[in-house]
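Asks: Pasting a structure below so you can have a look.
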Amino acid sequence: MFVPKSHPVAVFGSCGSLGRATVTELRRRGFPHLLGIDVGSENAECTANLQLSSSAAADGQVSSLRLQQSSVLDAVAKVVAERAAQSSAASAATPSSSSTATTPQLSAVLCLAGGWAGGNAASEDLLPNAEAMIASSLYASLISVSVAARFNTPLVVLPGAAPVLGAQACPPFMLPYAVAKAGVHQLLASASSDLATAGLPVETKLMGIAPRTLDTTVNRQNMPDADFSCWTPLPELARQLANWVEEPSKVVAGKMYEVVTESGKTEYR
């Protein structure tokens, strides 16, 4: 499915480290319509921003979550309508390019929200941390696939985690993180097994990224003695995400790509 750059890209977590790097790369490549979605912040490089209320996910109430989902869908619809209005003259001059029910309305939905919160079974903040991780990773992923279903999106990227891959369990001190990311991995596996039954367009490429460690300022502050040569630079991953947005046909549908950096070289396995 070819989608021109004139179609909008929605970026969840647009004010996080990876989100900002990805928005910068997409702007550099000439994507003119970028919708940034984040909690309480705006990304000035995006052409439109939606600030979500942290209370919607924090209280865990269904009504609040539905309101958050509705806000995202409305924001995407507005960006799509504005883009359509700008290209209406060209569409009128070329009847064969008129929109149909199967015409993509977005280039991609990139869910790059996440963060990290840990804790074990004895931690006082076990449940608050679990709520925060589920909100930032799993709820955001569910809203992302609902956007793709509504707007016939060719590419959806979900935020996985390398420690959740394989037979070995996540370390027991990071239960909130493990539970949330495991949910994202299962969402990817379940939805991609039968896109039509999952309510998604059959041509949608649903995938995930599972980095080991991203090279961010916060991670360097928290782990100053680590080997940074095995951390993935943000510009590198942002470039690969932009490559996938430009050519979703190169994506293996349903795959959770493990992002592995060794000796400064990054691979997507």
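For reference, each letter of the sequence shown is one residue, going 49 to 317 in my numbering. In this text, a Cβ means the ideal position worked out from N, Cα and C, and glycines have one as well.
In the DSSP assignment, find the beta strand (DSSP E) that holds K229 and state where it starts and stops.
Replies: Not the beta strand (DSSP E): K229 falls in the alpha helix (DSSP H), residues L223 to S241.
Asks: Under the assumption that L206 contacts S184 (Cβ atoms under 8 Å), give the Cβ distance between them as a whole number of angstroms.
Replies: Contact doesn't hold; Cβ gap of about 12 Å is too wide.
Asks: Are R268 and V308 touching if we call contact CB-CB under 8 Å?
Replies: No; because the gap between Cβ atoms is not below 8 Å, this pair is not in contact.
Asks: In whole angstroms, give me the CA-to-CA distance for F60 and D122.
Replies: F60 and D122: Cα-Cα distance of roughly 15 Å.
Asks: Relative to the alpha-carbon of P224, which residue among N177, S111, L186 and H55 has its alpha-carbon at the smallest distance?
Replies: Among N177, S111, L186 and H55, the Cα nearest to that of P224 is on N177.
Asks: Does the beta-carbon of S136 have 16 or more other beta-carbons within 10 angstroms, so that it is buried, or is it exposed?
Replies: Answer is exposed; the Cβ neighbour count stays below 16.
Asks: Buried or exposed for G256, please, with buried defined as at least 16 other CB atoms from any protein chain shown within 10 angstroms of its CB.
Replies: Per the 10 Å Cβ criterion, buried.
Asks: Ordered along the chain, which non-local residues of its own chain (more than five positions away) have a Cβ less than 6 Å from that of K53?
Replies: Taken in chain order, the residues that qualify are G78 and F79.
Asks: For a minimum of 3 consecutive residues, which ranges assigned as the beta strand (DSSP E) are wholly contained in the region 71-137?
Replies: List check, beta strand (DSSP E) in window: 82-87 and 96-100.
Asks: Could you have a look at A258 and say whether DSSP puts it in helix, strand or coil?
Replies: In this structure, A258 counts as strand in the three-state DSSP scheme.
Asks: Per DSSP, which one or two residues make a beta bridge with F60?
Replies: BP columns for F60 point to I85 and C159.
Asks: Note the first and the last residue of the continuous beta strand (DSSP E) segment covering L206.
Replies: Its beta strand (DSSP E) spans residues L203 to P207.
Asks: Given a threshold of 16 other Cβ atoms within 10 Å of its Cβ, counted over all protein chains shown, does T214 qualify as buried or as exposed?
Replies: Note that residue 214 corresponds to Gly in the displayed sequence, not to Thr. The residue in question, G214, is exposed, as its Cβ has fewer than 16 Cβ neighbours within 10 Å.
Asks: Just the C-alpha distance for S192 and Q116, rounded to the nearest angstrom, thanks.
Replies: For S192 and Q116, the distance between alpha carbons rounds to 12 Å.
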